[in-house]
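Straight run, no breaks: the sequence shown in this note's numbering ends on number 420. Where is the CB? At the ideal position from N, CA and C, for every residue including glycine. Note that the structure is a prediction, hence the values are computed from the model and not measured. See structure below.
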Amino acid sequence: MKTDRKPRGRPMDEELGERVLAATWALLAEKSLSELTLNEIAGAAGTSRPALYRRWNSVEAIVIDAFLAMVEDEVPTPGIAEPALALQEYIVSLARFLQGRVGRVIAELLGRAQNDDALMAAFHQGFLVPRRKHARELIARGQAAGVFRADLDLDLIIDLYAGPIYFRAFSKHVPLDRDFVDGLARLVVEALRRPGGAAD
Numbered sequence: 221m222k223t224d225r226k227p228r229g230r231p232m233d234e235e236l237g238e239r240v241l242a243a244t245w246a247l248l249a250e251k252s253l254s255e256l257t258l259n260e261i262a263g264a265a266g267t268s269r270p271a272l273y274r275r276w277n278s279v280e281a282i283v284i285d286a287f288l289a290m291v292e293d294e295v296p297t298p299g300i301a302e303p304a305l306a307l308q309e310y311i312v313s314l315a316r317f318l319q320g321r322v323g324r325v326i327a328e329l330l331g332r333a334q335n336d337d338a339l340m341a342a343f344h345q346g347f348l349v350p351r352r353k354h355a356r357e358l359i360a361r362g363q364a365a366g367v368f369r370a371d372l373d374l375d376l377i378i379d380l381y382a383g384p385i386y387f388r389a390f391s392k393h394v395p396l397d398r399d400f401v402d403g404l405a406r407l408v409v410e411a412l413r414r415p416g417g418a419a420d
């Protein structure tokens with residue numbers, strides 16, 4: 221989903237649009253969103269500031285598009301048949317995904333999005349919704365197999381693991397390390413298990 225687009229002027233050609241997004245993502249490896257300017261993006265993409273304004277109203281609008289273009293195919297799909305193990309691996313994959321540049325950019329985008337409804341909506345639809353949908357599918361698969369309880373509030377279960385992961389990734393009060401994530405994933409799976417359900 222694209223945000224804050226201006227309909228005036230000729231549409232930016234697809235190749236230039238892709239170049240702008242790639243240049244923006246590369247710049248974010250070196251500096252924060254707050255340091256990034258439209259002039260820098262235009263220069264890195266080999267275009268002009270007015271050309272950017274034909275499509276975007278702000279740096280934030282370009283950054284969310286660059287972020288979503290980078291992550292659109294990054295919904296981890298564990299190649300594991302056993303539902304409990306598949307969900308555990310998915311939780312570990314989410315934590316790994318949020319480390320480094322991705323986590324930093326998400327934190328900055330969410331900070332700006334508190335006062336920008338369009339930016340928040342783009343983040344929800346482009347990033348959160350597909351990942352929560354995939355998690356629901358993994359849990360539903362476990363329910364169908366008789367491994368997970370049938371009386372689960374799926375949104376609550378997703379928040380049960382996503383909340384601690386996002387909090388550690390963004391607040392950095394303690395490390396988002398593998399020991400923590402493995403332990404969290406095991407706790408979540410055990411909370412989901414149907415009494416008498418098969419163990420790993």
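Quiz item: Looking at the structure shown, is R321 part of a helix, part of a strand, or coil, going by DSSP?
Solution: Annotated three-state conformation of R321 is helix, per DSSP.
Practice problem: Could you pull the start and end residues of the alpha helix (DSSP H) that V240 belongs to? | Solution: E234 to L247
Practice problem: For the segment 281–288 and the segment 301–308, state whether three or more C-beta atom pairs, one from each stretch, are separated by less than 8 angstroms. | Solution: no
Self-check item: Whole-angstrom distance between F387 and L258, CA atom to CA atom
Solution: 30 angstroms
Quiz item: Which partner residues of R413 appear in the DSSP bridge assignment?
Solution: R413 is bridged to F368.
Quiz prompt | Own chain, CB closer than 8 angstroms to R228, minus 5 neighbours either side, in chain order | solution = Confidence in R228 is poor, its pLDDT being 41 and thus under 50, which makes the residue's placement too unreliable to answer from.
Exercise. Determine the DSSP secondary structure at E302, reduced to helix, strand or coil.
Key: coil
Quiz item: Taking just the CA atoms, how far does R321 sit from L329?
Solution: 12 angstroms
Quiz item: Given W245, which residues of its chain have a CB within under 6 angstroms of its CB, disregarding the five upstream and five downstream residues?
Solution: A286 and M290
Quiz item: Pick from K251, Q308 and I300: whose alpha carbon is nearest that of L400?
Solution: The amino acid at residue 400 is misidentified as Leu; the sequence shows Phe. Of the listed residues, the one whose Cα sits closest to F400 is Q308.
Quiz item: What's the gap between the Cα of D336 and the Cα of A342?
Solution: 10 angstroms
Quiz prompt | Close-in-space but distant-in-sequence residues of the same chain around A370 (CB under 8 angstroms, 5 per side omitted) | solution = Q363 and R414
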